[in-house]
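Written below as structure tokens is the structure these notes are about.
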Amino acid sequence: MKTLLFKGSVMGLLLSAATLTVSAQKIKETDLKVNVDKISNSTQQLKNLEPVTFKYDVNKYKHLKLPAGEQYGFLVSNVEANFPAMVHETSKMYPAGKNNSKTAKYSEVQTADLIPVLVAAIKEQQAEIELLKKEMQLLKEKSK
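First residue of the sequence shown? That's -13 in the numbering used here, and the numbers climb one at a time after it.
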């Protein structure tokens, strides 16, 4: 009798799970993103950044499992002065003995956030190039 009851419970659970439907909410981008503004003066802001190469101290901070070898990036202090929203605090938990863990917190640069700024800077530079081309063409025509 217990086996039959167990099988019946499992079948009921499976049938309930099969009839469960998932509905996803579709949110418009205009509802999701507010205070949208164009990125301006990006070329000047990027000129203030100092790209660096570095290595993590993987021996001292083994517990954080940081990537070994040469890394490319920016120092947090440099980016924070120019793009404070690109610096985020990261937390990593690691074991610290039997049934115990600790959390290490440090700031890091979200370099993917630089992509829109780079695109804006390219657009600014391209507009300047086009303007210079027009000026040069006008000077050529005047000198004839």
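Just so it is clear, CB atoms sit at the ideal spot from N, CA and C, and this is done for glycine as well.
Exposure of residue i, with buried meaning 16 or more beta-carbon neighbours within 10 Å
{"i": "phenylalanine 40", "result": "exposed"}
{"i": "serine 28", "result": "buried"}
{"i": "valine 95", "result": "buried"}
{"i": "alanine 107", "result": "buried"}
Separation of residue j from residue i, as counted between CA atoms
{"i": "lysine 84", "j": "tyrosine 92", "result": "24 Å"}
{"i": "alanine 67", "j": "leucine 118", "result": "32 Å"}
{"i": "leucine 61", "j": "leucine 35", "result": "9 Å"}
{"i": "lysine 88", "j": "glutamate 110", "result": "46 Å"}
{"i": "glutamine 123", "j": "serine 129", "result": "10 Å"}
{"i": "aspartate 43", "j": "tyrosine 58", "result": "15 Å"}
{"i": "alanine 54", "j": "valine 22", "result": "38 Å"}
{"i": "lysine 120", "j": "methionine 72", "result": "37 Å"}
{"i": "lysine 126", "j": "histidine 74", "result": "51 Å"}
{"i": "threonine 16", "j": "asparagine 45", "result": "47 Å"}
Reference residue i, options the options, closest by Cα
{"i": "lysine 33", "options": "Val65, Val20 and Asn45", "result": "Val65"}
{"i": "phenylalanine 69", "options": "Lys126, Asp43, Thr97 and Met122", "result": "Thr97"}
Any non-hydrogen atom of the ligand MG closer than 7 Å to residue i Cβ
{"i": "lysine 51", "result": "The ligand content of the structure shown is nil, which means the ligand MG is not present either."}
Are the stretch 95 to 107 and the stretch 19 to 33 touching, with three or more C-beta to C-beta distances below 8 Å?
yes
Between the stretch 71 to 85 and the stretch 106 to 122, can you find at least three pairs of beta-carbon atoms closer than 8 Å?
no
Could you say if the stretch 61 to 80 and the stretch 31 to 50 meet the contact criterion of at least three C-beta pairs nearer than 8 Å?
yes
Return the chain-ordered ranges of every beta strand (DSSP E) run that is complete within the stretch 60 to 98 and spans a minimum of 3 residues.
73 to 81 and 87 to 95
Run through the stretch 25 to 60 for me and flag every whole alpha helix (DSSP H) of 4 or more residues, listed as ranges in chain order.
28 to 33
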